[in-house]
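Report on the following structure.
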Amino acid sequence: MSLSVAVAILAASFSVVDQRMQVDYSLCLQRLALPAGGYLARLTLNAPAKLNAIGPEMAERLLHTLMVLRDDAEAVAVFIDGAGDRGFCGGADVLRMLESALANPGGAAIEAEALLRCEYMAAYLIHTFPKPVICWADGRVRGAGLGLMAGASHRIVTERSQLSVSEASIGLIPTAGASWYLGQMPGHTGLFAALTGVELGPADALYSGLADYCWDSQSKESLLNSLLELSWEEDPEANSELLTDCLTDWEVEQGVSLQDAPLKAHRPWIDKHCERRCVRALQAALERDARRNDWLALALDGANRGAASALKLIVRQFADSRGLGLADVFRLEMVLAANRLRDPEFAEGVRARFKDRDECPNWCYRCVDEVPDEETNALFVPPWDRHPLADLGR
Numbered sequence: 292m293s294l295s296v297a298v299a300i301l302a303a304s305f306s307v308v309d310q311r312m313q314v315d316y317s318l319c320l321q322r323l324a325l326p327a328g329g330y331l332a333r334l335t336l337n338a339p340a341k342l343n344a345i346g347p348e349m350a351e352r353l354l355h356t357l358m359v360l361r362d363d364a365e366a367v368a369v370f371i372d373g374a375g376d377r378g379f380c381g382g383a384d385v386l387r388m389l390e391s392a393l394a395n396p397g398g399a400a401i402e403a404e405a406l407l408r409c410e411y412m413a414a415y416l417i418h419t420f421p422k423p424v425i426c427w428a429d430g431r432v433r434g435a436g437l438g439l440m441a442g443a444s445h446r447i448v449t450e451r452s453q454l455s456v457s458e459a460s461i462g463l464i465p466t467a468g469a470s471w472y473l474g475q476m477p478g479h480t481g482l483f484a485a486l487t488g489v490e491l492g493p494a495d496a497l498y499s500g501l502a503d504y505c506w507d508s509q510s511k512e513s514l515l516n517s518l519l520e521l522s523w524e525e526d527p528e529a530n531s532e533l534l535t536d537c538l539t540d541w542e543v544e545q546g547v548s549l550q551d552a553p554l555k556a557h558r559p560w561i562d563k564h565c566e567r568r569c570v571r572a573l574q575a576a577l578e579r580d581a582r583r584n585d586w587l588a589l590a591l592d593g594a595n596r597g598a599a600s601a602l603k604l605i606v607r608q609f610a611d612s613r614g615l616g617l618a619d620v621f622r623l624e625m626v627l628a629a630n631r632l633r634d635p636e637f638a639e640g641v642r643a644r645f646k647d648r649d650e651c652p653n654w655c656y657r658c659v660d661e662v663p664d665e666e667t668n669a670l671f672v673p674p675w676d677r678h679p680l681a682d683l684g685r
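Whatever position you read off the sequence shown (first residue = 1), add 291 for my numbering.
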């Protein structure tokens, strides 16, 4: 089915504005009628048993639905959340991606690449959406989930939010726009987060610019009710300003008490030891200082879990992403991810962490210094005649 046909079908099915929940397998759409006309679209990632991990079907339906809502004049704004109480999104469905990779060892992981294409296009669309997008990022937010959250115009965490990019532990790299949003974090904290997979609580999410507001985790429904009572206008910019003012005022009323922000507290240490962009130097500093610092000990554990080849690639990824526009960042990450799916490091990482769960991956290299430069360089060569995201942003 072509993209245009799929969008036309979705447009027909979403043409009526009402309060009913419309379930489309792994994605739920609820059109919440507004008193002055139009509706607030509530999109819920609906795979709670898998922590709302993004599979091929969810990615495709999310992209198509966002396209319909973008072009529907009756859709005033979008609210994105996740089903269940464990978290917003645990990232991509890596077990499905592994199946795709193993179906054609060393060659194109066709289903997985299709998943990444839709996932990246959806994340890019959220970044560039012409209407307000509110993301309720409660609980765990991992990898691709953080990629969806990062592009929203109004990002809300709760007291129990835990954000992380830990793809190196399965032999991958942070994607879905990670080079963009991690690169905008203060100092070298984004690179540090990518190399260590360290978890960021709500205070650090606010400090790093990954979130805009912090609410009580039990207040989602009251927030939705309040959104329905706003005086929405036809002008998206005016609606965005209205939403910013109201969310700021309502956040004060929440009175959420934030815990410490270890990323912020360790910012001088991080900038000092990540300035050289040298993985070995960072690991050596962590090994030295982790003995008397529990948070650095967690970071060291995360860095040691990552594949050496992935850690080396991440440093190069950050360097090559500097100065690129958003669409080009997504295109670069698509190349790296597609090539990495063909690499045995990915299969071994997913096996150890999510399939057999022995947490003992047999990586190809013991340390970054062993990873050949030519192997890393080859990952930057597009594996297709025409890039799947060639038309992104054009």
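Even glycine gets a Cβ: it sits at the ideal position worked out from N, Cα and C.
Three CB pairs or more closer than 8 Å across the stretch 449-465 and the stretch 595-612
yes
According to DSSP, simplified to helix, strand and coil, what is residue 312?
Here residue 312 is taken as the residue at index 21 of the sequence shown, counted from 1. Reliability fails at residue 312, whose pLDDT of 48 lies under 50, so the model's placement of it is uncertain and no value is given.
With distances taken between CB atoms, is the gap from residue 456 to residue 430 smaller than 8 Å?
Position 165 of the sequence shown, counting from 1, holds the residue named residue 456. Position 139 of the sequence shown, counting from 1, holds the residue named residue 430. It is not a contact, given that the beta carbons lie outside the stated cut-off.
Helix, strand or coil at residue 409 according to DSSP, with G and I counted as helix:
Here residue 409 is taken as the residue at index 118 of the sequence shown, counted from 1. Helix at residue 409.
I'd like to know whether the C-beta of residue 320 is nearer than 8 Å to at least one C-beta of chain D.
The chain labelled as chain D is not found in the depicted structure, where only one protein chain is given.
Under DSSP, the alpha helix (DSSP H) around residue 323 begins and ends at which residues?
Counted from its first residue, the sequence shown places residue 323 at position 32. Taken as a continuous stretch (DSSP letters only), residue 323 belongs to no alpha helix (DSSP H), being part of the beta strand (DSSP E) at 318-324.
Exposed or buried, residue 382, counting other C-beta atoms within 10 Å across all chains shown (16 or more means buried)?
Residue 382 sits at position 91 when you count from the first residue of the sequence shown. So residue 382 counts as buried.
Distance between residue 395 and residue 602 (C-alpha atoms, nearest Å)
Here residue 602 refers to the residue found at position 311 when the sequence shown is read from its first residue. Here residue 395 refers to the residue found at position 104 when the sequence shown is read from its first residue. Cα to Cα, residue 602 sits roughly 25 Å from residue 395.
Assign residue 560 to one of three DSSP states: helix, strand, or coil.
The residue labelled residue 560 in the question sits at position 269 within the sequence shown. Note: residue 560 maps to helix in three-state DSSP.
Under the three-state reduction of DSSP, which class applies to residue 306: helix, strand or coil?
Taking the first residue of the sequence shown as position 1, residue 306 is located at position 15. At residue 306, the pLDDT of 31 sits below 50, so the modelled position is not reliable; the number obtained from the coordinates is stated separately. DSSP places residue 306 in coil when its eight states are reduced to three.
Residues near residue 668 in its chain [Cβ-Cβ closer than 8 Å; skip 5 each side]:
Taking the first residue of the sequence shown as 1, we reach residue 668 at position 377. Excluding sequence neighbours, residue 668 sits near nothing in its chain.
Output the boundary residues of the beta strand (DSSP E) element that contains residue 335.
On the sequence shown, residue 335 is found 44 positions in, with the first residue counted as 1. Residues 330-336.
Use the C-beta contact count for residue 332: other C-beta atoms within 10 angstroms, 16 or more gives buried, fewer gives exposed.
Working through the sequence shown from its first residue, we reach residue 332 at position 41. Residue 332 comes out buried.
How would you label residue 505, buried or exposed, when you count the other beta carbons within 10 angstroms and need 16 or more for buried?
Taking the first residue of the sequence shown as position 1, residue 505 is located at position 214. Buried, because 16 or more other Cβ atoms sit within 10 Å of the Cβ of residue 505.
For the ligand MN, is there a heavy atom less than 7 Å away from the beta-carbon of residue 456?
Among the ligands in the structure shown, none appear at all, so the ligand MN cannot be discussed.
Cβ-based burial, residue 675 [other Cβ within 10 Å; buried from 16]
On the sequence shown, residue 675 is found 384 positions in, with the first residue counted as 1. By the 10 Å Cβ count, residue 675 comes out exposed.
Please list the segments of the alpha helix (DSSP H) lying wholly inside the stretch 587-629, counting only runs of 4 or more residues, in order along the chain.
599-612
Rounded to the nearest angstrom, what separates residue 312 and residue 334 at their Cα positions?
Taking the first residue of the sequence shown as 1, we reach residue 312 at position 21. Taking the first residue of the sequence shown as 1, we reach residue 334 at position 43. Low confidence applies here, because residue 312 scores a pLDDT of 48, under 50, leaving its location unreliable; read the following figure in that light. Cα to Cα, residue 312 sits roughly 10 Å from residue 334.
Over the uninterrupted beta strand (DSSP E) stretch that includes residue 506, give me the two end residues.
Counting from one through the sequence shown, the residue named residue 506 turns up at place 215. Its beta strand (DSSP E) spans residues 504-506.
8 Å contact criterion, which residue 636 and residue 643 should meet: CB distance rounded
Walking along the sequence shown from the start, residue 636 turns up at place 345. Walking along the sequence shown from the start, residue 643 turns up at place 352. That belief does not hold up - the Cβ atoms of residue 636 and residue 643 are roughly 11 Å apart, past 8 Å.
DSSP-derived helix/strand/coil call for residue 449
Along the sequence shown, one-based indexing puts residue 449 at 158. Reduced to three states, the DSSP call for residue 449 is strand.
Quick one: Cα of residue 315 to Cα of residue 600, how far?
On the sequence shown, residue 315 is found 24 positions in, with the first residue counted as 1. On the sequence shown, residue 600 is found 309 positions in, with the first residue counted as 1. Residue placement at residue 315 is flagged as unreliable, the pLDDT there being 48, under the threshold of 50; the coordinate-derived value follows with that caveat. Taking the straight line from one Cα to the other gives about 39 Å.
Go ahead and pull the three-state DSSP assignment for residue 352.
Position 61 of the sequence shown, counted from the start, is the residue given in the question as residue 352. Residue state, collapsed to three classes: helix.
What distance in whole Å lies between the Cβ atoms of residue 320 and residue 413, which are believed to be in contact at a cut-off of 8 Å?
Reading the sequence shown from its first residue, position 122 is the one you call residue 413. Reading the sequence shown from its first residue, position 29 is the one you call residue 320. At roughly 14 Å, the Cβ-Cβ gap does not stay under 8 Å, so residue 413 and residue 320 are not in contact.
Less than 8 Å between the C-beta atoms of residue 625 and residue 553, yes or no?
For this step, residue 625 is matched to residue 334 along the sequence shown. For this step, residue 553 is matched to residue 262 along the sequence shown. Cβ atoms of residue 625 and residue 553: not closer than 8 Å.
By Cβ distance below 7 Å, which residues in the same chain neighbour residue 670 in space, the five residues on each side in sequence not counted?
As a working mapping, residue 670 is identified with position 379 in the sequence shown. Around residue 670: 604, 627, 630, 631.
Using the Cβ count rule (16 or more neighbours within 10 Å means buried), how would you classify residue 683?
The residue labelled residue 683 in the question sits at position 392 within the sequence shown. With 16 or more other Cβ atoms within 10 Å, it is buried.
Among 449, 362, 559, which residue has its Cα nearest to the Cα of residue 377?
Mapped onto the sequence shown, residue 377 falls at position 86. Residue 377 has its Cα closest to that of 449, out of 449, 362, 559.
Cβ neighbours of residue 687 in the same chain (closer than 7 Å, five flanking residues each side left out)
The chain is shown only over 292 to 685; residue 687 falls outside these bounds and no answer can be derived.
Just to confirm my understanding: we take residue 499, look at its own chain, exclude 5 residues before and 5 after, and list those with CB closer than 7 Å. What are they?
For the purposes of this step, residue 499 is identified with residue 208 of the sequence shown, where counting begins at 1. Here the set comprises 476, 477, 480, 491, 554.
Report yes or no: do the stretch 588-596 and the stretch 510-517 share at least 3 C-beta pairs separated by less than 8 Å?
no
Check whether the stretch 410-424 and the stretch 610-621 touch, using three or more Cβ-Cβ pairs below 8 Å as the test.
yes
Quick one: any contact between the stretch 527-539 and the stretch 571-578, if contact means 3 or more CB pairs under 8 Å?
no
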